[in-house]
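All residue numbers for the sequence shown refer to the numbering used here, where the first residue is 340 and numbers rise by one.
Structure, as structure tokens:
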Amino acid sequence: MKKSFWWPSDIPRRNMRKLLMRMKLTSVLLCAGFLQLSAHGFSQERLTVNYNNINIGKLLNVIGQKSDYTFVYKNASIPDRKISIAMKDAPVRDILDKALEGTSLGYKIMKDNLIVILEAGETVQNVPIKGRITDEAGNPLIGVTVLVKGTTSGAKTDAEGRFKMEVPENAIIEFSYVGYEPQQMKAHNGASFNIALKANSSGLNEVVVVGYGKQKRVNLSGAVDAISGKELESRPIANINNGLQGLLPNLNITNDNGRVSSASKFNIRGVTSINGGDPFILVDNIPFTSEEVSRLNPADVESITVLKDAASAAIYGARAAFGVVLITTKSGKDGRLIINANTNYAVRTLGLVPKIVTDPLTTMEYKHDAATPLYDLYPAAERAYAQRLKNDPSLPNVIVNPTDKNKWSYYGSTDWLHEVYQKSAPAYNANVSISRGDEKLNYYFSADYYSQDGMLRYNPDKYDRYNLRAKATYTFNDRVKIGSNTMYTNTTYAQPSSTMDYLFFHNSNRTPALSVPRNPDGTWTSDGAALLGNLQSGGRSKDTWSEFMTTLNAEVGIIKDMWTLKGDATFRRGNQTGNTYVLPVAYRTGPDQPFLYTNGNKSSASNLSQAVKYNVYNIYTDFHKTFNKKHYVGALLGFNQEYHFFDKFNVKRLDLISTQYPTSQLATGNITQAQQIEDWAVRGIYYRLNYIFDDKYIVEVNGRNDGSSRFRTDHRWGFFPSGSLAWVVSKENFFRGVKDRLGIDVLKLRGSYGSLGDQQWDAYGYMERMKTNNINSVLNGQIPIGVFSPAPVTATYTWQTVKTINGGIDISVLKEKLSFSYDRYVRYTNGMFAKSQELPAVFGADAPRTNSADLKTKGWEMTLFWRDQFKIGSDDFSYGVKLLLADSRSFITRYTNPTGTLANYDNGDITRRNYYNGQEIGDIWGLETEGFFQNAEELKSHPNQAKVGSDDQQYLFYVGDLKFRDLNGDGVIDYGDNTVSNPGDRRIIGNSAPRLPYSIDLTASYKGFDFRALIQGIGKRDWYPGAGNHYFWGVYAQPWTNVQVHNMDRWTPETPNGYFPRLKSYIAEDATELGAPQTRYLQNAAYTRLKNVTLGYTLPKSLTGRAKINRLRIYVAAENIFTISHLKANIDPEGLDGSVYPYQKTYSCGLNLNF
């Protein structure tokens, strides 16, 4: 059991008082600064003017540019005369009085710094205006902002896209909406506007979610990418994780199996640390794990933002070292009540699975030849019967063994993979949401149900998910609002208990095709019982996860539209229960023989209970103001605290009394129980400062002072700052000529540097912990439990730090039809936890892990997007092509390995893996294969290869065996000292790290039809099949496993250029001969996959409007239906091991309904 630990009480009171004093002082200084900055809004603004012979109208424009005032006047009212004026540090009111002196004009200052110029005797008149705003297709846009230019006075469009308001006559009216280009019109009495906003193809004016706020994309200075939740719509995806694959550059989504309950992993920008490291995921600003995200409703997603560099992520501190994924859920929109309903029915089929030889005679011959000369597998008599069976298929495929009447002999042709899995299985999803918003209340309610049957043929696994979400905001007045965001999730996954172990999937391919499911008397065979029998009646497992979360938030406007104070508190409670029982299945090996049983004839029942408590608190203040129309200043200061508690208990008991009631309470055998309790806490103060001058020069500074309970008190706190700069070159006057000639709309250069701490490690790694375990002796008839001395820890155990340097460019051309973004970065992960210097054996314990390793990752990413539309007849045809491409490489720059040994450099367990200085992560050391020995003379004259031969084959090589190159020319093929300096005849032959991830997203729409095709893949990756990988090596690993179809391409005297060597078993069972990495069998694991293709049709409004349906869309879609792979074996390139739940193709149809 792990020690329960409550961090906040562990902070010394003296340090706590200092922290609170700093927070108070910082808050006072910040408040004073904000008040000073905003003071001009409540007093007269002062300007200096000095002009000779300037037109009055031009002077008004100059004053407007230099101040926060906006002028409204009739052009005809301004006299065509010039004046001279010189005033220093004068109030705007005095400047206006002087400028209008000697004219018949006056003025009146309205709210929102609006100044109306009036003729003598004229009064300010508000005139009514109205209108309707649509998109280019004529669909109404809800929530378009309609403002008097330079003010906050305005309105928003309703559900029909309509608005009406009163404004000063001749005022300039601005129409703006996220994702669309703004427009301006002049107001006059009774004006009615019908405006179609044009979509902004580059998205540079799009507002994206960033840490604790939002920013326009054009104003971002860090490495940030974002997409809309619409990208996930109408796809038959089981969860959000899978739907994000290929949608954002260098956001890498991987899943090592096709089980629906398995959550895909998130990664940003390649290898993070030798200890692993995931991005920090937040949903509505609340931390989630990738597994928790997989349980959410994809239809609830409004947007996804990825913060990639340290400058963008620094505000999140200790857990954001390897990037941040921000998922924002939907809220109610302004306007009438909106109801959305979506449903999808899908059929899933098996993806790529290994192909085996099932003909009994061929199988026996291959296995016999592979086992020779070690033993006589399938003697001549058995092969003779197989020949008779081939000639006469009516003969039985199970007979009594001629040499042992108590056994059966099997001559089956069973493809066990297709016995275990069914051809297809259904999935169903339905969700509904209700939303509405007005000046007071904004709410969003949704419900989601997803159900998927597994691919198992018998007693199939089943997954069910339920989601409820209620989100509301109430506005008391223009300064105070409160809100809540509540979520409930429930998932259930049931499966046969035998499929909980990876060996089930391993054996599904390994079980001999010669075997059959049932004996002639109807009983199970041993293989049939192990696979199919266990599926049908070998027990069942059911896991249920329930989670409730609620966030309460409040916002107070200290200064309207300028300075706000925000706070939120989140409470999450999760519970998991698991119940598993295992029953033995009877089988026979011969006629009238006693039954034998699977699982050692042992039954059992297990129970699991897990509880999670998670509290998150945030309070922060946000200031933003534009001065003189050119100087934007933004500031944010906040405090965050989190506490996470985890308690897991499981019990198992053998020997059930009754199979009808398989519970641990009704069992009589030994009890095994375990409990794990863990808690951790973080606390931090974070800040962000923004400055933008004239929309051209952008400066941002972020930072966080973080404390984590995972470290000793004297190493608990760390300060991690960052900064970024951007230059919008296209705004410069000197660039105007180039901009016009080349059709450049926006050109922006970016750069950033930042440092972050990482605390994703053992919750109690700094503590010396004693462990308990059974002692290998018997005292008084019992095996006692002993307490063992703790492993040593280092006193300097502290943060690993991650520093990132990033540079980027954003450009859009041809009226924003073509946009391009490119980022290049270097990331230094320093102080990684690794083994320290070796200690003498007499010390009696392993050396403690210390911050003794460094890693350098360098890479780049790019996005190229073309979007356009044109007329076909009288209708618009629009289309888009988006290309994402990225790359990264990682190198060890410091590691304690003085000898440079290569031992365990590729260990599958990263905590036991060994590294060396200069190593590129993923490097594969291997032999160089020359080919096969074609004759005895070649064999005799070649250097001795015994040291890389198989012990099962007496280290001997013959004609038809592999021939390796003597790279160091010493006359012996070996591994030298197994060090970097003396690797023998090995060299780096490849690299297993996935590189050049890419995707191509194609979209088109015409006359209500919409089409999408998403192609995704990996451009470069090497893979060497591990020793014992039966999916690839087949009988070359062990003779009793299956013959893979590709094994038939082998060396024989008649086919000397076959792919595999002569048939020879056990040469791929361990790391020798075939099992030793080498150039000939190094696999190209790059692939291209048609990830999604969707065709939809939206019915015309003329048909649906009668039923008061705003939008009705039907569609068909498919996922993962086509893959181009270079692997020799027929296995999925995303699941190279093969011993996993198979991946699937998905075909679906559905509809989207909007009222």
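Note that the Cβ used here is the ideal one computed from N, Cα and C, for glycine as well.
As the structure is a computational prediction, the values presented were derived from the model and not from experiment.
For the alpha helix (DSSP H) that contains asparagine 581, what are its first and last residues?
By 1-based counting over the sequence shown, the position of residue 581 is 242. First-last of the alpha helix (DSSP H) with asparagine 581: 579-582.
What three-state label does DSSP hand serine 847 in the structure shown?
Working through the sequence shown from its first residue, we reach residue 847 at position 508. Of the three classes helix, strand and coil, the one that applies to serine 847 here is helix, per DSSP.
What are the boundary residues of the alpha helix (DSSP H) that lysine 1035 is part of?
As a position in the sequence shown, residue 1035 is number 696, starting the count at 1. Note, lysine 1035: premise wrong, no alpha helix (DSSP H); not H, not E.
Out of curiosity, what's the CA-to-CA distance linking phenylalanine 1159 and threonine 1196?
Locating residue 1159 in the sequence shown gives position 820, where the first residue counts as 1. Locating residue 1196 in the sequence shown gives position 857, where the first residue counts as 1. Spanning the two alpha carbons is a distance of roughly 24 Å.
Return helix, strand or coil for leucine 376, following the three-state DSSP convention.
In the sequence shown, the residue the question calls residue 376 occupies position 37. For leucine 376, the predicted structure reports a pLDDT of 41, less than 50, and the residue's modelled location is therefore unreliable. The matter cannot be settled from this model.
Please work out which residues of its chain come closer than 8 Å, Cβ to Cβ, to lysine 363, disregarding the five sequence neighbours upstream and downstream, and give them in chain order.
Against the sequence shown, residue 363 aligns to sequence position 24. Confidence in lysine 363 is poor, its pLDDT being 43 and thus under 50, which makes the residue's placement too unreliable to answer from.
Determine which residues share a DSSP beta bridge with histidine 963 and list them.
Against the sequence shown, residue 963 aligns to sequence position 624. In the DSSP output, where bridge partners are listed per residue, histidine 963 has Gly973.
When you compare each of Leu1157, Tyr1234, Val1126 to threonine 1168 by their alpha carbons, which one comes out closest?
Position 829 of the sequence shown, counted from the first residue, corresponds to residue 1168. The residue with the shortest Cα to Cα distance from threonine 1168 is Tyr1234.
Can you tell me whether serine 876 is helix, strand or coil according to DSSP?
For this step, residue 876 is matched to residue 537 along the sequence shown. Correct three-state label for serine 876: helix.
Alpha carbon to alpha carbon, how far is threonine 473 from phenylalanine 532? Give it in angstroms, no decimals.
Counting from 1 along the sequence shown, the entry for residue 532 is found at position 193. Counting from 1 along the sequence shown, the entry for residue 473 is found at position 134. Cα to Cα, the separation comes out at about 11 Å.
Helix, strand or coil, according to DSSP, for glutamine 1377 in the structure here?
As a working mapping, residue 1377 is identified with position 1038 in the sequence shown. DSSP places glutamine 1377 in coil when its eight states are reduced to three.
What are the complete beta strand (DSSP E) segments, minimum 3 residues, inside the segment 794-830?
Listed in chain order, the complete beta strand (DSSP E) runs (minimum 3 residues) inside the segment 794-830 are 801-814.
Whose CA, out of Leu842, Gln1293, Tyr1218, lies closest to the CA of serine 712?
On the sequence shown, position 373 is the one that residue 712 refers to. Reading off the sequence shown, one finds proline at residue 712, where the question assumed serine. Here the closest residue by C-alpha is Gln1293.
Please name the residue, chosen from Thr701, Asn681, Asn1493, Arg879, that lies closest to tyrosine 788 on a Cα-to-Cα basis.
Counted from its first residue, the sequence shown places residue 788 at position 449. Here the closest residue by C-alpha is Asn681.
Does DSSP put proline 1282 in a helix, in a strand, or in coil?
For this step, residue 1282 is matched to residue 943 along the sequence shown. Proline 1282 falls in the coil class under three-state DSSP.
Hey, serine 1562 and threonine 919 are a contact pair by Cβ (cut 8 Å); roughly how many whole angstroms apart?
Nothing can be reported for residue 1562, as the shown portion of the chain is limited to 340 through 1494.
Compare the beta carbon distance of lysine 669 and tyrosine 783 with 8 Å and say whether it is the shorter of the two.
Here residue 669 refers to the residue found at position 330 when the sequence shown is read from its first residue. Here residue 783 refers to the residue found at position 444 when the sequence shown is read from its first residue. A contact, by the Cβ cut-off of 8 Å.
Can you name, in chain order, every residue of its own chain whose Cβ lies under 6 Å from the Cβ of valine 1319, other than the five neighbours on each side?
For the purposes of this step, residue 1319 is taken as the residue at position 980 of the sequence shown. The answer, listed in chain order, is Gly1239, Tyr1255.
To the nearest angstrom, how far is the alpha carbon of isoleucine 1453 from that of serine 1217?
Taking the first residue of the sequence shown as position 1, residue 1453 is located at position 1114. Taking the first residue of the sequence shown as position 1, residue 1217 is located at position 878. Looking at the two C-alpha atoms, the distance is approximately 19 Å.
Would you check if there are 3 or more beta carbon pairs closer than 8 Å linking the segment 955-963 to the segment 979-989?
Verdict: yes, contact present.
Using DSSP with H/G/I as helix, E/B as strand and the rest coil, what is serine 629?
The residue given as residue 629 occupies position 290 in the sequence shown. Reduced to three states, the DSSP call for serine 629 is helix.
Just to confirm, is the Cβ distance from glutamine 1383 to tyrosine 1405 under 8 Å?
Taking the first residue of the sequence shown as position 1, residue 1383 is located at position 1044. Taking the first residue of the sequence shown as position 1, residue 1405 is located at position 1066. No. Outside cutoff.
Where does arginine 1089 fall in DSSP's three states?
Locating residue 1089 in the sequence shown gives position 750, counting from the first residue. It is a strand residue.
Using a Cβ-Cβ cut-off of 8 Å (strictly less than) and excluding sequence neighbours within five positions of tyrosine 841, which residues of its own chain qualify?
The sequence position of residue 841 within the sequence shown is 502, counting from 1. Taken in chain order, the residues that qualify are Ser1478, Val1479.
Going by other Cβ atoms of all chains shown within 10 Å of its Cβ, with 16 needed for buried, is threonine 1011 buried or exposed?
Counted from its first residue, the sequence shown places residue 1011 at position 672. When all chains shown are included, threonine 1011 counts as exposed.
Which class does serine 1478 belong to by DSSP, given the choice of helix, strand or coil?
Locating residue 1478 in the sequence shown gives position 1139, where the first residue counts as 1. The answer is coil: DSSP assigns serine 1478 none of H, G, I, E or B.
From leucine 304 to glycine 1358, what does the alpha carbon distance come to, in whole angstroms?
No statement about residue 304 is possible, as the shown extent of the chain runs from 340 to 1494 and does not include it.
Nearest to arginine 1445 by alpha carbon, out of Ala1410, Asp1018, Phe1494?
To locate residue 1445, count along the sequence shown from 1; it is residue 1106. Cα-wise, what sits closest to arginine 1445 is Phe1494.
Give me the Cβ distance between leucine 1301 and phenylalanine 1271, rounded to the nearest whole Å; I'm assuming they're in contact under 8 Å.
Here residue 1301 refers to the residue found at position 962 when the sequence shown is read from its first residue. Here residue 1271 refers to the residue found at position 932 when the sequence shown is read from its first residue. That belief holds up - the Cβ atoms of leucine 1301 and phenylalanine 1271 are roughly 6 Å apart, short of 8 Å.
Between which two residues does the alpha helix (DSSP H) harbouring asparagine 400 extend?
Against the sequence shown, residue 400 aligns to sequence position 61. That run of the alpha helix (DSSP H) goes 395-405.
Can you check which of these residues, Lys810, Leu874, Thr1462, is closest to methionine 794 by C-alpha distance?
As a working mapping, residue 794 is identified with position 455 in the sequence shown. Closest option to methionine 794, Cα to Cα, is Leu874.
Could you name each continuous alpha helix (DSSP H) segment of 4 residues or more that falls completely within the segment 1404-1443, going from the start of the chain to the end?
1440-1443, all fully within the segment 1404-1443.
Does arginine 1206 have its Cβ less than 8 Å from a Cβ in chain C?
No chain C is part of this structure, which consists of one protein chain only.
Using the Cα positions of glycine 822 and glycine 776, report the straight-line distance between them to the nearest angstrom.
Numbered from its first residue, the sequence shown carries residue 822 at position 483. Numbered from its first residue, the sequence shown carries residue 776 at position 437. C-alpha separation (whole angstroms): 13 Å.
Can you tell me which of the three DSSP states isoleucine 434 falls into?
Locating residue 434 in the sequence shown gives position 95, where the first residue counts as 1. Isoleucine 434 falls in the helix class under three-state DSSP.
Which residues does DSSP list as the beta-bridge partners of threonine 611?
Position 272 of the sequence shown, counted from the first residue, corresponds to residue 611. Its beta-bridge partners do not exist; DSSP assigns none.
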